[in-house]
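See below for the structure under consideration.
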Amino acid sequence: MKKLLATFWLGIWLYFGTFLVASPTFAAANITQTTDKVETLSDRNLTRVQQFLTSIPREYYTVRQINKVKALGKEQQALLIDVREPKEYASGHIPGAVNLPLRSLTDNLDQIPKNRPTILYCSTGYRTAMGVMALQMLGYDNVRGFPPSIEGWKAAGEQLEL
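Here you go:
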């Protein structure tokens, strides 16, 4: 819950902060001085964000190795979710994966247990990242993405299930 609230307040701060800085009245006071302050604040915030992101362990939100995906499936009964569209899923998917398209992922939370490791994948990684972010914000702490996705799986010579 704390994570969700922190994310919410960060979004509010970023949203309204943009209007404050972009406001003609605010900017008209002293454009040069304001620009310098905004650039300094932006640089400082960018540095903080970079420090945060680099402090996250490499595989905190991801599983990058195929053998680790397989091991999590066998040892911890990880739920493997293909977030591609049904037509893509039907053309071939990682064995054992269930199809919950990204566009309806949050409508199907009853199919994703919070106490079970969950791995998301798509075609190239973009939808995976969006799905992981959404589920993390909803309190799913045990969810990770498989960035190589289906393309990486196929490139490694692994079999697909139809």
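The numbering used here puts the first residue of the sequence shown at 370, with every later residue one more than the last.
For every residue, glycine included, the Cβ atom is placed at its ideal position computed from N, Cα and C.
These numbers were taken from a predicted model, which means no experiment stands behind them.
Test item: CB-CB of residue i and residue j under 8 Å
| i | j | result |
| --- | --- | --- |
| A440 | I488 | no |
| R453 | P516 | no |
| G442 | L529 | no |
| Y509 | I481 | yes |
Coil, strand or helix - residue i by DSSP
| i | result |
| --- | --- |
| Y490 | strand |
| G500 | helix |
| E444 | helix |
| I519 | helix |
| D476 | helix |
| E530 | strand |
| I435 | helix |
From the options, residue whose alpha carbon lies closest to that of residue i
| i | options | result |
| --- | --- | --- |
| M499 | Q445, I435, D451 | D451 |
| N511 | E457, T493, K483 | K483 |
| E444 | R485, E527, E530 | R485 |
| Y495 | R472, L478, D479, D476 | R472 |
| I519 | Y458, Y430, D476 | Y458 |
Cβ-based burial, residue i [other Cβ within 10 Å; buried from 16]
| i | result |
| --- | --- |
| A466 | buried |
| R513 | buried |
| T493 | exposed |
| L531 | exposed |
| P455 | exposed |
| P470 | buried |
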